[in-house]
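Quick note, the sequences are listed as chains R and Z, same order.
With the first sequence counted from 1, adding 427 to any position gets you the working numbering.
With the second sequence counted from 1, adding 427 to any position gets you the working numbering.
Contents: one structure, followed by commentary.
Protein chains: 2
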Amino acid sequence: MSLKHAVLALLQKEEGSGYDLSKRFKGGMSYFWSASHQQIYQQLKKMLSDDLIAVRVESQDGKPDKKIYQITELGTQALIDWIEEPSKMSRVNDAFLVKLYAGEVVDNSVLAAKIKEHVVHHQKLLTAFALLEEEYAGMNKQQRKRVMLPYMTLRKGVLGEQAWLQWAEEALALLEQ
Amino acid sequence: MSLKHAVLALLQKEEGSGYDLSKRFKGGMSYFWSASHQQIYQQLKKMLSDDLIAVRVESQDGKPDKKIYQITELGTQALIDWIEEPSKMSRVNDAFLVKLYAGEVVDNSVLAAKIKEHVVHHQKLLTAFALLEEEYAGMNKQQRKRVMLPYMTLRKGVLGEQAWLQWAEEALALLEQ
DNA sequence: CAAATCATGTAAGAAGTTACATGATTAT
DNA sequence: ATAATCATGTAACTTCTTACATGATTTG
């Protein structure tokens, strides 16, 4: 279980509401961690009762109250402990590759179409990442140092997407033989 | 839920026992699908009652009976339907990158060590994949055609591992600045 | 005026993990 | 002898998904 730690990782950077966290998961963290808003709200409840986080309620005019969560000292320590402990390799479950693996039961044209869809998806991600990289390139040395670690994860995103696109070219060529 | 379909994908290639499937998941499929033996046995039970698979019991001398499962026509159709339906993108949950993302709470040397561990892991995988690629290279045209789709997924494995290694070099250089 | 976004949750059910359980055979 | 592999499962627990629920504000 590491949703807890992913939430701590985000709150360690900056406090935020469940909704904020949900958006941050969907944003710059989406290619290495995802979580639904239902998961997040339930997790925050547990973490609050475990004193890993604290809450501050902000009333807003018109809108419903906003619960803003902060990481506590206990939470920070839990995060440090978790980072230092050996990480078990993440289990990957990629339905797309399973479909290809067993793809002989359908026509090659179906598979080619699937791969092309994937290309579009990965190109979109790559374009989004390129924008974030430009932001980084525009920073001064100090700023760059501050965001170095998130930038490192972004680079993994970029290299991963490029690998997918390179693979797709190969795969389509193989299919057309 | 696609463990069901991953099992169908394996049984469509060749019949096997729960234990066999477990090994096949750990082998050439591990970098895009993983499943524990407990999951597999429970899944097989469900799939059997849904007539997606059939079973044949083989008694072995000395060893306990072996239950060998085969995909049924209903199962094959379920597999085809699933392959053709649009696949939602798989959610990735990579604890390693979360640790890096929040890594400012620990010393850089801890992070460097983590990255180096990862390099070792990915190099091992790449070596294993290279062996499988050699096998493919040694095949004649007909054989190659027969295993083309699994080979395509293997190529994704190779390109993915190369991306990790390339990233790790970059990341270590960044850390040492 | 409709759709999207902001903002928060509950509840049931499905899926996955961890721990426990057994027992033979084969390799070191 | 001991560890690893073969071979199969159950049970309790945790986690995740899907569906439901509400209601205001902002954008097109």
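Positions of the beta carbon are idealized from the N, C-alpha and C atoms, including for glycine.
Would you please verify whether the beta carbon of residue i is less than 7 Å from any beta carbon of chain Z?
i	result
L506(R)	yes
M579(R)	yes
R451(R)	no
V547(R)	no
K543(R)	no
Q439(R)	yes
S514(R)	yes
L448(R)	no
S606(R)	As shown, chain R starts at 428 and ends at 604. That puts residue 606(R) outside it, with no answer to give.
I606(R)	The question about residue 606(R) has no answer here: the residues shown for chain R are numbered 428 through 604.
G621(R)	With chain R covering 428 to 604 only, the question about residue 621(R) has no answer from this structure.
S536(R)	no
E500(R)	no
Where does residue i land, buried or exposed, given buried means 16+ other C-beta within 10 angstroms?
i	result
S683(R)	Any answer about residue 683(R) is impossible in this case: the structure gives chain R only from 428 up to 604.
V525(R)	buried
R483(R)	exposed
D492(Z)	exposed
D521(R)	buried
E588(R)	buried
L558(R)	exposed
S536(Z)	exposed
A564(Z)	exposed
K541(Z)	buried
I'd like to know whether the C-beta of residue i is nearer than 7 Å to at least one C-beta of chain R.
i	result
A433(Z)	yes
K583(Z)	yes
A590(Z)	yes
I520(Z)	Rather than Ile, the amino acid found at residue 520(Z) in this sequence is Asn. So yes, N520(Z) belongs to the interface.
L559(Z)	no
F556(Z)	no
Y528(Z)	yes
S429(Z)	yes
Taking residue i as part of the alpha helix (DSSP H), name the residues at either end of that continuous run.
i	result
E512(Z)	Careful: E512(Z) lies outside any alpha helix (DSSP H) and carries neither H nor E.
R571(Z)	K568 to R573
E544(R)	N535 to A564
S476(R)	H464 to S476
S449(R)	G445 to K453
Q604(Z)	Run containing Q604(Z): none; DSSP gives neither H nor E here.
I529(R)	The sequence shown places Ala at residue 529(R), rather than the Ile named in the question. Per DSSP, A529(R) belongs to no alpha helix (DSSP H) and is neither H nor E.
V519(Z)	Neither: V519(Z) is in no alpha helix (DSSP H) and is coded neither H nor E.
Assuming residue i and residue j form a contact by the criterion Cβ under 8 Å, report the distance between their Cβ atoms to the nearest whole angstrom.
i	j	result
F523(Z)	S517(R)	7 Å
L601(Z)	A539(Z)	Not really, about 10 Å apart at Cβ, beyond 8 Å.
G474(Z)	K431(Z)	One point to set straight first is that residue 474(Z) is Met, not Gly, in the sequence displayed. With 8 Å as the limit, M474(Z) and K431(Z) qualify as a contact, their Cβ atoms being about 6 Å apart.
F556(R)	L592(R)	At roughly 12 Å, the Cβ-Cβ gap does not stay under 8 Å, so F556(R) and L592(R) are not in contact.
Let's see if you can read the secondary structure: which residues bound the beta strand (DSSP E) around residue i?
i	result
Q497(R)	K493 to I498
E485(R)	I480 to E485
Thinking C-beta only, is residue j closer than 7 Å to residue i?
i	j	result
L471(R)	R451(R)	no
L435(Z)	I498(Z)	yes
M579(Z)	A598(R)	yes
I480(R)	Y496(R)	yes
A590(R)	L586(Z)	yes
Y468(Z)	G445(Z)	yes
A529(Z)	Q570(R)	no
V519(R)	F459(Z)	yes
H464(R)	S486(R)	no
L501(R)	D478(R)	yes
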